[in-house]
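Reviewing the structure listed below.
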Ligand SMILES: Cc1cc2nc3c(=O)[nH]c(=O)nc-3n(C[C@H](O)[C@H](O)[C@H](O)COP(=O)(O)OP(=O)(O)OC[C@H]3O[C@@H](n4cnc5c(N)ncnc54)[C@H](O)[C@@H]3O)c2cc1C
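Numbering (my numbering), first residue to last: 98 to 501.
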């Protein structure tokens with residue numbers, strides 16, 4: 098039976114650890130934080146990220162993680178409602194998008210993984226280097242509360258997110274796309290009437306996009322898309338003024354709410370957006386998945402979902418070789434097969450993610466006219482058809498099924 102060291106217990110690392118451990122593979126999952134709430138990550142799970150949990154037999158567990166299931170989305174242009182789409186049960190079934198607590202999801206995954214004797218989670222274990230012998234990665238070294246540690250393994254998986262140490266240490270060649278925007282993330286008091294029919298509200302205007310949705314902790318989550326590098330200026334002007342700017346592009350019910358809560362919003366958090374990918378996902382004895390392989394722009398809320406789908410495909414290829422003699426050549430061939438299967442979806446999603454920001458952030462007449470025309474034409478379609486039209490992006494562009 099093979100031994101695997103996985104660096105990072107985000108959704109990618111935690112799902113892969115669980116899938117390997119329950120087939121008897123020895124897994125050490127190394128997470129630098131003690132508490133999953135300490136690491137900020139996205140919270141929207143789409144059908145393409147939810148369905149794998151059903152295939153894993155974890156659907157009842159998923160239902161118990163705090164979340165809000167979205168019934169659809171509404172688009173406003175300069176405060177006026179232009180489009181609405183329904184996530185129709187006949188299209189999405191129980192896999193309609195959910196805004197889900199990530200600490201809740203990750204605690205559930207490591208608890209279920211821990212039911213297998215071959216699984217070990219080390220919290221507070223920060224990896225800082227790879228161990229390489231004769232050109233092959235054979236483990237990692239790092240620090241935890243007891244001092245320096247070393248973990249030896251047949252395979253090291255870097256699932257350590259957008260600032261991946263494993264990617265950097267393995268010197269994997271990478272390519273970054275320009276990203277014109279950053280996101281200011283904050284919460285305001287709940288709107289009970291909105292919670293009754295939870296929807297994602299997207300408001301475009303003045304070169305900004307505002308997204309608001311009722312979330313699992315009885316608050317309204319707000320994301321304010323700004324031009325890259327403008328957060329310093331927003332902080333200097335103050336958050337109440339920032340909420341006034343948001344209100345200027347929102348429909349009247351949301352504008353009133355933002356004005357009422359301009360003094361008591363939560364502290365804002367800046368998400369600096371990145372879109373990049375490594376050109377090779379593996380080295381002998383080493384693989385990267387999730388944001389460590391391809392940091393996803395937040396457009397379309399894809400990052401968590403793509404990381405989970407990477408983990409499923411990785412398990413499909415790795416279980417057969419790690420259950421057996423863990424032959425190094427077979428492990429490296431499995432890593433190459435994982436890259437070949439996952440790259441098409443990652444490239445296509447990153448290509449689609451690059452399209453909307455330049456139009457939304459532009460104040461040029463052609464961008465505004467284009468948005469009016471496009472939303473006007475789309476508004477002629479029935480709401481259920483619009484929701485179904487989003488299916489490709491919501492459910493994934495390639496077929497991912499758990500086979501092990
Ligand atoms: C503000 C924000 C909003 C987002 N919104 C969305 C959204 O709505 N929907 C969506 O799908 N995606 C969203 N994303 C992106 C999403 O969070 C990521 O794509 C996703 O979390 C990637 O999963 P992962 O498992 O690859 O890595 P991560 O979730 O980043 O997990 C990596 C883990 O590795 C650990 N780690 C890092 N370095 C080390 C080390 N040296 N040693 C040990 N452990 C280490 C970290 O503590 C972390 O727990 C958002 C991201 C941010 C920051």
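Even for Gly, the Cβ is constructed at its ideal location relative to N, Cα and C.
Among 174, 176, 194 and 169, nearest to residue 183 - alpha-carbon criterion: Numbered from 1 along the chain shown, position 86 holds the residue referred to as residue 183. Residue 183 has its Cα closest to that of 169, out of 174, 176, 194 and 169.
Buried or exposed by the 16-neighbour rule on C-beta atoms within 10 Å, applied to residue 238: Here residue 238 is taken as the residue at index 141 of the chain shown, counted from 1. So residue 238 counts as exposed.
Pairwise C-alpha distance: residue 425 and residue 263: Walking along the chain shown from the start, residue 263 turns up at place 166. Walking along the chain shown from the start, residue 425 turns up at place 328. Each residue's Cα considered, the two are about 19 Å apart.
Alpha-carbon to alpha-carbon, residue 222 and residue 130: By one-based count along the chain shown, residue 130 stands at place 33. By one-based count along the chain shown, residue 222 stands at place 125. So the two alpha carbons sit approximately 7 Å from each other.
Other residues of its chain near residue 373: CB distance less than 8 Å, five sequence neighbours each side excluded: Counted from its first residue, the chain shown places residue 373 at position 276. Cβ within range, chain order: 271, 272, 273, 274, 391 and 392.
Helix, strand or coil at residue 536 according to DSSP, with G and I counted as helix: This structure leaves residue 536 out entirely; the chain is present only between 98 and 501.
For residue 326 and residue 582, the rounded distance between their alpha carbons: What is shown of the chain runs 98 to 501, which leaves residue 582 out entirely.
Per-residue DSSP class, three states only, for residue 204: Your numbering for residue 204 matches position 107 in the chain shown. Residue 204: helix per DSSP, three-state reduction.
Beta strand (DSSP E) runs wholly inside the region 98-123, at least 3 long, in chain order: 100-104
Of the residues 306, 188 and 266, the one placed nearest residue 375, counting alpha carbons only: Against the chain shown, residue 375 aligns to sequence position 278. Nearest Cα to residue 375 within the set 306, 188 and 266: 266.
Span separating the alpha-carbon of residue 449 from that of residue 259: The residue given as residue 449 occupies position 352 in the chain shown. The residue given as residue 259 occupies position 162 in the chain shown. Rounded to the nearest angstrom, the two C-alpha atoms are 20 Å apart.
Residue 491 beta carbon less than 8 Å from that of residue 144: Residue numbering aside, residue 144 sits at position 47 when the chain shown is read from its first letter. Residue numbering aside, residue 491 sits at position 394 when the chain shown is read from its first letter. Yes, they are a contact pair.
Residue from 276, 324, 154 and 248 whose Cα sits closest to the Cα of residue 125: Your numbering for residue 125 matches position 28 in the chain shown. Of 276, 324, 154 and 248, the residue nearest in Cα terms is 248.
Spatial distance of residue 309 from residue 337 (CA atoms): Your numbering for residue 309 matches position 212 in the chain shown. Your numbering for residue 337 matches position 240 in the chain shown. About 17 Å.
Bounding residues of the alpha helix (DSSP H) (the contiguous stretch that carries residue 187): Here residue 187 is taken as the residue at index 90 of the chain shown, counted from 1. That run of the alpha helix (DSSP H) goes 186-189.
Proximity test, residue 223 beta-carbon vs ligand 1 heavy atom, cut-off 7 Å: Residue numbering aside, residue 223 sits at position 126 when the chain shown is read from its first letter. At least one heavy atom of ligand 1 is nearer than 7 Å to the Cβ of residue 223, so yes.
Nearest-angstrom Cα separation, counted from residue 167 out to residue 190: Residue mapping note: residue 190 aligns to position 93 of the chain shown, counting from 1. Residue mapping note: residue 167 aligns to position 70 of the chain shown, counting from 1. Between residue 190 and residue 167, the C-alpha separation is close to 12 Å.
Under 8 Å between C-beta atoms of residue 101 and residue 207: Here residue 101 refers to the residue found at position 4 of the chain shown. Here residue 207 refers to the residue found at position 110 of the chain shown. Against a cut-off of 8 Å, the Cβ pair of residue 207 and residue 101 comes out as no contact.
Within 8 Å, strictly: CB atoms of residue 497 and residue 112: Counted from its first residue, the chain shown places residue 497 at position 400. Counted from its first residue, the chain shown places residue 112 at position 15. No, they are not a contact pair.
Residue range of the unbroken alpha helix (DSSP H) whose run includes residue 167: One-based indexing of the chain shown puts residue 167 at position 70. No alpha helix (DSSP H) contains residue 167, which DSSP labels as neither H nor E.
Outcome for residue 243 when other beta-carbon atoms lying within 10 angstroms are tallied against a minimum of 16: Numbered from 1 along the chain shown, position 146 holds the residue referred to as residue 243. Exposed, because fewer than 16 other Cβ atoms sit within 10 Å of the Cβ of residue 243.
N-terminal and C-terminal residue of the alpha helix (DSSP H) that residue 407 is part of: Counted from its first residue, the chain shown places residue 407 at position 310. Unbroken alpha helix (DSSP H) run through residue 407: 400-420.
Same chain, Cβ closer than 7 Å to residue 205, five either side skipped, listed in chain order: As a working mapping, residue 205 is identified with position 108 in the chain shown. Result list for residue 205: 158 and 162, in chain order.
Nearest candidate by alpha-carbon position, reference residue 181, set 297, 201, 104 and 175: Your numbering for residue 181 matches position 84 in the chain shown. Per the Cα distances, 297.
Three-state class that DSSP yields for residue 311 in the structure shown: Numbered from its first residue, the chain shown carries residue 311 at position 214. Here residue 311 sits in strand by DSSP.
Cβ-heavy atom distance, residue 108 to ligand 1, below 7 Å: Position 11 of the chain shown, counting from 1, holds the residue named residue 108. Yes; taking the cut-off as 7 Å, the Cβ of residue 108 has a heavy atom of ligand 1 nearer than that.
Span of the beta strand (DSSP E) around residue 254: Start at 1 with the first residue of the chain shown, and residue 254 comes out as number 157. Element bounds for residue 254: 252-255.
Whole-angstrom distance between residue 417 and residue 321, CA atom to CA atom: As a first step, residue 321 is located in the chain shown; it is residue number 224 there, counting from the start. As a first step, residue 417 is located in the chain shown; it is residue number 320 there, counting from the start. Linking residue 321 to residue 417 through their CA atoms gives a straight-line distance of about 45 Å.
Residue 449, enclosing alpha helix (DSSP H) - first and last residue: Indexing the chain shown from 1 puts residue 449 at position 352. It spans 425-450 - the alpha helix (DSSP H) in which residue 449 sits, taken as one unbroken run.
Expected contact under 8 Å - CB spacing of residue 104 and residue 224 to nearest Å: Residue numbering aside, residue 104 sits at position 7 when the chain shown is read from its first letter. Residue numbering aside, residue 224 sits at position 127 when the chain shown is read from its first letter. About 5 Å separates the two Cβ atoms, so the contact holds.
Residue of 316, 301, 304 and 276 minimising C-alpha distance to residue 291: The residue you call residue 291 lines up with position 194 of the chain shown. Nearest of 316, 301, 304 and 276 to residue 291, Cα basis: 316.
Cβ-heavy atom distance, residue 130 to ligand 1, below 7 Å: For the purposes of this step, residue 130 is taken as residue 33 along the chain shown, with counting starting at 1. Yes, the beta carbon of residue 130 sits closer than 7 Å to at least one heavy atom of ligand 1.
Boundaries of the alpha helix (DSSP H) in which residue 346 is found, first to last residue: The count along the chain shown starts at 1 and reaches residue 346 at position 249. Run containing residue 346: 336-346, per the alpha helix (DSSP H) assignment.
Per-residue DSSP class, three states only, for residue 280: Position 183 of the chain shown holds residue 280. Reduced to three states, the DSSP call for residue 280 is strand.
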